[in-house]
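As they're listed, the protein sequences go chains Y and L. The numbering of the first sequence is our numbering, which starts it at 1 and goes up by one. The numbering of the second sequence is our numbering, which starts it at 430 and goes up by one. Where a beta carbon is used, it is the ideal one built from N, C-alpha and C, also for glycine. Here the structure is a predicted model, which means the values were calculated and not measured.
Number of protein chains: 2
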Amino acid sequence: MGIRLKSGFMKKACIVSIGDEILTGQTVDTNASYLSEKLVSIGVPVVSSYTVGDDIESIVKSLKLASSDADLVLATGGLGPTDDDITRQALAKFLGAELELQEELLQEIQDFFTSRGRQMAAKCKVQAYVPAGTKALANNLGTAPGIMAETTRPEPGRTKGKLVIVLPGVPSEVRQMFEESVLPELRSFAGGQAVVIRKLRCFGTGESNIAGLLGDMMQRGRNPLINCTAEYGVITLHIIATAKDRIQAQQMAEKDEKLLRETLGEFIYGTGEQALADVVGEKLAQENKTIAVAESCTGGTLAKLVTDIPGASHYFTHGWITYSNEAKTSELGVPADVIAIYGAVSEQVAEAMAQCARKKAGTDFAIGITGIAGPAGGSEQKPIGLVYISVDSNNGCETKRFVFSHDRSSIRLRAAQTALNMLRLKIYV
Amino acid sequence: MGIRLKSGFMKKACIVSIGDEILTGQTVDTNASYLSEKLVSIGVPVVSSYTVGDDIESIVKSLKLASSDADLVLATGGLGPTDDDITRQALAKFLGAELELQEELLQEIQDFFTSRGRQMAAKCKVQAYVPAGTKALANNLGTAPGIMAETTRPEPGRTKGKLVIVLPGVPSEVRQMFEESVLPELRSFAGGQAVVIRKLRCFGTGESNIAGLLGDMMQRGRNPLINCTAEYGVITLHIIATAKDRIQAQQMAEKDEKLLRETLGEFIYGTGEQALADVVGEKLAQENKTIAVAESCTGGTLAKLVTDIPGASHYFTHGWITYSNEAKTSELGVPADVIAIYGAVSEQVAEAMAQCARKKAGTDFAIGITGIAGPAGGSEQKPIGLVYISVDSNNGCETKRFVFSHDRSSIRLRAAQTALNMLRLKIYV
Numbered sequence: 001m002g003i004r005l006k007s008g009f010m011k012k013a014c015i016v017s018i019g020d021e022i023l024t025g026q027t028v029d030t031n032a033s034y035l036s037e038k039l040v041s042i043g044v045p046v047v048s049s050y051t052v053g054d055d056i057e058s059i060v061k062s063l064k065l066a067s068s069d070a071d072l073v074l075a076t077g078g079l080g081p082t083d084d085d086i087t088r089q090a091l092a093k094f095l096g097a098e099l100e101l102q103e104e105l106l107q108e109i110q111d112f113f114t115s116r117g118r119q120m121a122a123k124c125k126v127q128a129y130v131p132a133g134t135k136a137l138a139n140n141l142g143t144a145p146g147i148m149a150e151t152t153r154p155e156p157g158r159t160k161g162k163l164v165i166v167l168p169g170v171p172s173e174v175r176q177m178f179e180e181s182v183l184p185e186l187r188s189f190a191g192g193q194a195v196v197i198r199k200l201r202c203f204g205t206g207e208s209n210i211a212g213l214l215g216d217m218m219q220r221g222r223n224p225l226i227n228c229t230a231e232y233g234v235i236t237l238h239i240i241a242t243a244k245d246r247i248q249a250q251q252m253a254e255k256d257e258k259l260l261r262e263t264l265g266e267f268i269y270g271t272g273e274q275a276l277a278d279v280v281g282e283k284l285a286q287e288n289k290t291i292a293v294a295e296s297c298t299g300g301t302l303a304k305l306v307t308d309i310p311g312a313s314h315y316f317t318h319g320w321i322t323y324s325n326e327a328k329t330s331e332l333g334v335p336a337d338v339i340a341i342y343g344a345v346s347e348q349v350a351e352a353m354a355q356c357a358r359k360k361a362g363t364d365f366a367i368g369i370t371g372i373a374g375p376a377g378g379s380e381q382k383p384i385g386l387v388y389i390s391v392d393s394n395n396g397c398e399t400k401r402f403v404f405s406h407d408r409s410s411i412r413l414r415a416a417q418t419a420l421n422m423l424r425l426k427i428y429v
Numbered sequence: 430m431g432i433r434l435k436s437g438f439m440k441k442a443c444i445v446s447i448g449d450e451i452l453t454g455q456t457v458d459t460n461a462s463y464l465s466e467k468l469v470s471i472g473v474p475v476v477s478s479y480t481v482g483d484d485i486e487s488i489v490k491s492l493k494l495a496s497s498d499a500d501l502v503l504a505t506g507g508l509g510p511t512d513d514d515i516t517r518q519a520l521a522k523f524l525g526a527e528l529e530l531q532e533e534l535l536q537e538i539q540d541f542f543t544s545r546g547r548q549m550a551a552k553c554k555v556q557a558y559v560p561a562g563t564k565a566l567a568n569n570l571g572t573a574p575g576i577m578a579e580t581t582r583p584e585p586g587r588t589k590g591k592l593v594i595v596l597p598g599v600p601s602e603v604r605q606m607f608e609e610s611v612l613p614e615l616r617s618f619a620g621g622q623a624v625v626i627r628k629l630r631c632f633g634t635g636e637s638n639i640a641g642l643l644g645d646m647m648q649r650g651r652n653p654l655i656n657c658t659a660e661y662g663v664i665t666l667h668i669i670a671t672a673k674d675r676i677q678a679q680q681m682a683e684k685d686e687k688l689l690r691e692t693l694g695e696f697i698y699g700t701g702e703q704a705l706a707d708v709v710g711e712k713l714a715q716e717n718k719t720i721a722v723a724e725s726c727t728g729g730t731l732a733k734l735v736t737d738i739p740g741a742s743h744y745f746t747h748g749w750i751t752y753s754n755e756a757k758t759s760e761l762g763v764p765a766d767v768i769a770i771y772g773a774v775s776e777q778v779a780e781a782m783a784q785c786a787r788k789k790a791g792t793d794f795a796i797g798i799t800g801i802a803g804p805a806g807g808s809e810q811k812p813i814g815l816v817y818i819s820v821d822s823n824n825g826c827e828t829k830r831f832v833f834s835h836d837r838s839s840i841r842l843r844a845a846q847t848a849l850n851m852l853r854l855k856i857y858v
């Protein structure tokens with residue numbers, strides 16, 4: 001099952017993931033899926049993907065296979081400073097070129113360490129070498145530059161004129177380098193058909209309900225194709241429109257976006273990569289409103305989500321993690337007898353937490369969360385996953401009861417996300 | 430960087446992941462890493478891994494490549510009932526065999542639906558077909574059986590006598606079928622060698638420094654092999670011992686673990702999958718000590734890490750997220766003039782946060798964190814990534830200054846982890 005793109009006369013890509021740690025299963029390869037999605041979004045379908053260990057012959061073989069499958073080869077991993085990082089050497093061998101020291105690169109690597117008040121380890125010097133005739137790609141987050149090469153010299157087992165780009169394996173570096181260094185190089189390379197992908201992000205209902213509401217729109221073979229992925233309650237709908245040119249594809253995607261918005265209404269909270277905390281934060285900043293949070297079972301998860309967003313200090317001021325009953329009373333002022341009568345996990349305590357937090361912080365909104373994240377502490381009346389969430393504002397206090405499933409970490413994240421969603425539905429009215 | 434296994438005279442495996450949704454990046458392939466780890470644990474190293482779309486020719490090609498790389502091919506995906514699921518046909522083509530209806534299988538699939546009070550969709554009948562001469566593998570969680578084949582007939586492009594196993598792509602089904610149907614078949618296949626993997630988790634120094642300290646021990650080709658992976662400051666050393674039997678491999682791994690512990694000392698904080706918050710929490714619980722946290726730039730990240738651990742309520746009681754200056758003063762009691770004189774991001778404020786938090790919460794330990802997580806807000810004197818962390822206890826208050834690199838999210842996570850590490854070094858003395 002999956003997403004199929006028409007790939008008639010487009011340029012194609014192959015992804016090569018390099019690293020023993022992937023082959024042994026110690027690391028899940030998230031770079032391949034990230035790069036695939038990015039490539040598809042610029043109209044370059046990925047036709048195959050290879051994973052090999054840190055072994056020169058295997059890497060060379062995979063680069064040969066990849067460049068025979070596709071016009072663009074994107075490889076990650078093995079550019080680090082240690083002995084087992086040998087992608088640099090393998091690329092040189094594949095290209096039939098020698099490794100050359102680039103003084104400029106060496107300077108940049110040294111500067112990287114100097115600016116952090118550290119000395120460059122001798123081992124790092126190897127990262128200033130690239131195969132002759134290739135181009136280094138800047139890495140602002142680490143010391144290993146990427147390398148971009150074009151296969152020009154005809155040699156046995158190697159196809160001519162393919163673009164080969166190698167990036168370090170660290171996911172954050174892959175992401176930043178792809179956006180800043182690779183994408184600009186690829187824009188001209190893509191050509192041919194245009195693929196436009198729009199993502200709509202939903203919260204507050206399940207995947208099967210969304211599939212039911214959309215019906216035929218989710219049929220395979222339809223263009224635009226509409227697909228759906230789910231993660232911790234966030235459901236992402238992908239509208240994938242393929243057309244001869246970008247404008248046409250864009251129009252098709254826009255038309256479907258409108259249709260989906262009409263059908264799904266307030267389930268849709270955002271687009272692209274937006275998190276719930278993004279759209280909530282945007283609105284709060286826009287309207288000059290402020291928020292405080294008081295958490296028990298989520299233990300900081302909600303505050304973390306809120307402050308993950310750059311500039312959160314414009315609207316987020318105070319957070320309390322009142323994990324013990326005593327902290328709920330001493331720090332927030334939740335009456336001890338309310339806790340004694342109804343229990344720490346109750347509608348009344350969630351409400352008091354939100355109300356007290358708002359009063360103490362002097363904010364426009366406050367959220368209170370109390371629940372049982374498990375794996376222990378559940379009872380028949382108050383099962384694991386039971387969470388009360390309260391949102392207080394000058395329009396009064398709304399408290400809801402939820403029972404989330406799965407494990408401790410899912411329950412905590414779902415509770416925090418659901419709190420943000422309750423706030424969203426309040427501030428976007 | 431990664432993990433290398435000696436693979437001289439062992440049987441080897443190759444993994445093939447099939448599905449357009451993986452190639453387009455809509456789905457992260459977690460089956461490959463799961464299967465890799467399982468195979469390595471029974472002494473069958475994975476030497477390569479291929480990902481292809483739902484396309485007969487691509488699947489056949491990948492099966493050929495895979496069976497030339499390895500003795501065992503484990504493929505997943507494309508066994509579903511819909512039109513784009515064509516792995517069954519591709520396997521038949523690869524084997525040079527016809528698909529045959531197996532009445533028994535059809536009955537099982539029908540029973541699967543009947544037992545759930547549903548009717549079998551006509552499309553599901555296709556799942557009762559397997560290539561002639563192959564064996565169906567039971568699937569208790571879904572309707573698609575797996576298929577096990579041995580390549581016996583010599584044909585061009587295909588190597589003789591390789592074991593090819595195909596499983597459906599649903600991760601839960603892969604896991605269950607591997608444990609229940611595949612593993613028993615593989616025990617005899619693996620034969621010979623035993624592999625024991627130990628993981629040591631380190632914090633407080635960089636990968637290159639650890640490599641420097643270990644020197645020759647990290648040499649490729651050494652047995653046990655010692656490899657290292659890094660994520661957000663946590664460095665995991667893998668000791669991979671290969672021997673004729675399990676006991677011998679275990680002894681070799683133990684000997685190396687002792688050596689590593691002697692060399693790296695307090696950099697090693699734990700084993701296996703342990704997080705810093707696990708070992709810190711364990712010790713606090715053991716010694717009946719309590720902790721509170723006061724966070725600014727980390728905005729709840731530290732509290733979340735602490736409360737990620739089940740049972741954290743035994744030692745964690747209070748947390749404050751004093752994101753604004755006013756909150757630092759009103760909630761914790763940090764003197765306003767200290768903030769005015771030294772700035773919110775200063776040694777003095779971190780110290781006051783920790784001391785005030787400990788006093789207010791009445792705990793044995795308290796941590797204060799203040800810094801600049803970026804992407805805005807940095808200056809020459811106080812750059813992005815500057816973080817002061819303070820740990821207060823009845824032995825006094827220790828405050829340290831750090832400059833973390835990378836992006837906002839890395840800076841926040843590194844700061845929170847570093848705080849836990851400072852606490853660890855205090856409580857494990």
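7 Å or more divides the Cβ of residue 774 of chain L from the Cβ of residue 796 of chain L. Taking C-beta atoms as the reference points, residue 653 of chain L and residue 672 of chain L fail to come closer than 7 Å. When 8 Å is used as the limit between beta carbons, residue 523 of chain L is near no residue of chain Y, the shortest such separation being about 16 Å.
Between residue 485 of chain L and residue 451 of chain L, the CB-CB gap reaches or exceeds 7 Å. By the neighbour-count criterion, in which 16 or more other beta carbons inside 10 Å mark a residue as buried, residue 318 of chain Y falls on the buried side. Put simply, of L/812, L/793, L/791 the residue whose alpha carbon is nearest the alpha carbon of residue 799 of chain L is L/812. Sequence-ordered contacts of the region 50–63 of chain Y with chain L read 50, 51, 52, 53, 54, 55, 58, 61, 62 [C-beta pairs closer than 9 Å].
Residues of the region 222–247 of chain Y with a Cβ closer than 8 Å to any Cβ of chain L, in chain order: 227, 229, 238.
For residue 406 of chain Y, the number of other beta carbons within 10 angstroms of its own is below 16, and it is reported as exposed.
With its beta carbon less than 7 Å from one in chain L, residue 375 of chain Y belongs to the interface. Nearest in C-alpha terms to residue 232 of chain Y, of all of Y/404, Y/106, Y/241, is Y/404. Contact annotation for residue 411 of chain Y against chain L: no contact, minimum CB-CB distance about 11 Å [criterion: below 7 Å]. Residue 629 of chain L carries a strand assignment under DSSP once its states are collapsed to helix, strand and coil. In chain order, 24, 25, 26 make up the part of chain Y whose C-beta sits under 9 Å from the C-beta of residue 466 of chain L.
Take residue 839 of chain L, set aside five residues on each side of it, and the residues of its chain with a beta-carbon closer than 8 Å to its own are 661, 833, in chain order.
With respect to the C-alpha of residue 825 of chain L, the residue from L/724, L/785, L/644, L/759 having the closest C-alpha is L/785. When Cβ-Cβ separations below 7 Å define contact, residue 442 of chain L makes no contact with chain Y. DSSP lists L/667 as the beta-bridge partner residues of residue 656 of chain L. Residue 255 of chain Y and residue 532 of chain L have their C-alpha atoms some 48 Å from each other.
Rounded to whole angstroms, the gap between the alpha carbons of residue 814 of chain L and residue 717 of chain L is 34 Å.
In the three-state DSSP reduction, residue 163 of chain Y falls in the strand class (E or B).
In this structure residue 440 of chain L is buried. Its beta-carbon is surrounded by 16 or more other beta-carbon atoms within 10 angstroms.
Using a CB distance cut-off of 7 Å, residue 459 of chain L counts as an interface residue toward chain Y. Following the DSSP letters along the chain, one finds residue 94 of chain Y inside the alpha helix (DSSP H) bounded by residues 87–95. Taking 4 residues as the minimum length, the alpha helix (DSSP H) runs contained wholly in the region 756–826 of chain L are 765–771, 776–790, in order along the chain. Taking 7 Å as the threshold, the shortest C-beta distance from residue 323 of chain Y to chain L falls below it.
Nearest to residue 165 of chain Y by C-alpha distance, out of Y/70, Y/354, Y/328, Y/105, is Y/70. C-alpha of residue 378 of chain Y to C-alpha of residue 353 of chain Y: approximately 21 Å in a straight line. Taking 7 Å as the cut-off, the beta carbon of residue 18 of chain Y is found closer than this to the beta carbon of residue 77 of chain Y. Here residue 578 of chain L is bridged, per DSSP, to L/593. Among the residues facing chain L, residue 21 of chain Y is included, as its CB has a counterpart in that chain under 7 Å away. In the DSSP annotation of this structure, the continuous segment of the alpha helix (DSSP H) that includes residue 418 of chain Y starts and ends at 408–427. Among the residues of chain Y, none has a CB under 7 Å from the CB of residue 600 of chain L; the nearest is roughly 11 Å distant. Using a Cβ-Cβ distance cut-off of 8 Å, the region 718–737 of chain L and the region 685–699 of chain L are not in contact, since fewer than three pairs of beta carbons, one from each stretch, lie closer than that value. Rounded to whole angstroms, the separation of the alpha carbons of residue 686 of chain L and residue 161 of chain Y is 49 Å. With a cutoff of 7 Å on beta-carbon distance, residue 637 of chain L and residue 426 of chain Y are scored as not near each other.
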